[in-house]
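Using my numbering, read the sequence shown as starting at 70 and increasing by one per residue.
Where a beta carbon is used, it is the ideal one built from N, C-alpha and C, also for glycine.
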Amino acid sequence: MFENQQRDDVEALMKTDAEFRRLYQHHRQLDSKVHDADIGVLPIDDVTLAGMKKEKLLAKARLERMWADRAHLIH
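The following block contains the structure:
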């Protein structure tokens, strides 16, 4: 996520916005768990996995909105 953004810009936002930081870290944790479940390292049922994927997508969408809002403030 935010691969096209400067790492320094993302880190700066994480330092200044506690909600963005919390949500970003939560998304990364979910991403790791989903990946582990997909490759079979983390045994998890399909319903739980589907819920985690949905939660991950919602977190990503929120992060992207926060990023876009920040960009509008700067320009």
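Meets three-Cβ-pair contact criterion under 8 Å: the region 81–90 and the region 99–114: no
Top-ranked residue by Cα proximity to A128, from L111, P112, Q98: Q98
Range covered by the alpha helix (DSSP H) that runs through Q98: 87–107
Beta carbon of L195 nearer than 8 Å to that of Y93: The first residue shown for the chain is 70 and the last is 144, placing residue 195 beyond what the model contains.
Between the CA atoms of H141 and E130 - distance to the nearest angstrom: Per the sequence shown, the amino acid found at residue 130 is Ala instead of Glu. Computed Cα separation, rounded: 17 Å.
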